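Note sheet for the following structure.
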Amino acid sequence: MVQESITRPTITSNNFEIKSTMIKMIQNNLQFRGTMKEDPNQFLQLCDTLKCNEVTNDAIRLWLFPFSLIDNTFSWLDSKAVQLGREIAVFRQVEGESFYEVWERFKMLIKKCTHHGFPDWMRLQIFYNRLDANARSGLDGAAGGPL
15 MVQESITRPT
25 ITSNNFEIKS
35 TMIKMIQNNL
45 QFRGTMKEDP
55 NQFLQLCDTL
65 KCNEVTNDAI
75 RLWLFPFSLI
85 DNTFSWLDSK
95 AVQLGREIAV
105 FRQVEGESFY
115 EVWERFKMLI
125 KKCTHHGFPD
135 WMRLQIFYNR
145 LDANARSGLD
155 GAAGGPL
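Read in our numbering, the sequence shown has 23 at position 9, and its numbers run on one by one without any break.
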């Protein structure tokens, strides 16, 4: 159910092109292996040299980022997305947690994995079904009846 680790935005600009020299520069000089010596700011600085009308810096970075990964970082990134998707699927209110706290925690989890693949109705169902009886009752009352 979880989609790709990185969701690249659709770019509608007709003149946007990532040159092979830019990809090679990243692959030869700025690949991440997950060591402490690596500086991700170098990747960002290189990405900031590429400009295109109607394309945001973030979009450029997202399109280039997969080229910066090497060795086990691909599998780490994919496994992170799968792990977050599982956390959403098995989400549950913690004993003693207020409705506000559980809602904020759920929203934060969704925000961490925006490409989780769960449609809106399923996210709401997961959240509602994993509330304790008191929180569910309060939510039903606020909604004017059972959800």
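The beta-carbon is built from N, C-alpha and C at its ideal position, and this holds for glycine as well. Just so we're clear, the structure is a prediction, and the values are computed from it rather than from any experiment.
{"Check": "Look at the Cβ atom of E68, then the Cβ atom of T26, and state whether they are nearer than 9 Å.", "Outcome": "yes"}
{"Check": "Cβ atoms of F120 and G152: under 9 Å apart, would you say?", "Outcome": "no"}
{"Check": "Excluding the 5 residues flanking N29 on each side, which residues of the same chain have their C-beta closer than 8 Å to its C-beta?", "Outcome": "C66 and N67"}
{"Check": "Please find out if some non-hydrogen atom of the ligand GTP comes closer than 8 Å to the beta-carbon of N28.", "Outcome": "Ligands displayed in this structure: none; no statement on the ligand GTP is therefore possible."}
{"Check": "Would I140 and I102 qualify as a contact pair, given that the criterion is a beta-carbon distance under 9 Å?", "Outcome": "yes"}
{"Check": "Let me know the secondary structure DSSP gives F46 once reduced to three states.", "Outcome": "strand"}
{"Check": "Please classify L64: does DSSP put it in a helix, a strand, or coil?", "Outcome": "coil"}
{"Check": "Between A156, D154 and L78, which has its C-alpha nearest K33's C-alpha?", "Outcome": "L78"}
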